[in-house]
Amino acid sequence: MRFDRNIQNVIKRIVMAYNAKTLKQAADLMNVTASIIGNRIHRNSFPHYLVLTCIIDTGVNPQWLCTGEGEPNIDGLKTEKKTIEVSTEALEKLERIAALKKDGAITEDEYNLLKGSIFKAN
5 MRFDRNIQNV IKRIVMAYNA KTLKQAADLM NVTASIIGNR IHRNSFPHYL
55 VLTCIIDTGV NPQWLCTGEG EPNIDGLKTE KKTIEVSTEA LEKLERIAAL
105 KKDGAITEDE YNLLKGSIFK AN
């Protein structure tokens, strides 16, 4: 794979992958300062760490991110982070069985069985 030699293009794709409006916003999402990104642009130095962070955080297609070729998302699919909702009751049950396991009242297998019963599919 040949990397895009214009580092600004790579940075623009990073910003797009995060759906950020500004470079600063993308930097904040990556937990780096905007000056770190600015230094990469100024030195025209390929931002390996930023690219890896972006791939892990967003699921973006590495080839597209590094070269601009292909689709932004792997197989052309949009990836989304998923969330789950857990009831307070289920969390309380999980805390109780975790306490039992910690105290040695139940085994690891019993813990996993009970935990599985709390979160079983309906």
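Counting from 5, one number per residue, gives the positions in the sequence shown under the working numbering. By construction, the Cβ of each residue, glycine as well, lies at the ideal position given by its N, Cα and C atoms.
### Task
Would you kindly work out how many angstroms separate the C-alpha atoms of ARG9 and ILE45, rounded to a whole number?
11 Å
#### Entry: Identity of the residues DSSP links to VAL64 by a beta bridge
ASN77
#### Entry: Own chain partners of ASN1 with C-beta closer than 7 Å, once the 5 adjacent residues on each side are dropped
This structure does not reach residue 1, given that the chain is present from 5 up to 126, and the question cannot be answered.
### Task
Using 10 angstroms around the beta-carbon of ALA94, count the other beta-carbons present and answer buried if the total reaches 16, otherwise exposed.
Exposed is the call here.
### Query
Looking at the unbroken alpha helix (DSSP H) that takes in GLY108, where does it start and where does it end?
Neither: GLY108 is in no alpha helix (DSSP H) and is coded neither H nor E.
### Message
Rounded to whole angstroms, what is the Cα-Cα separation between ALA38 and PHE7?
### Response
22 Å
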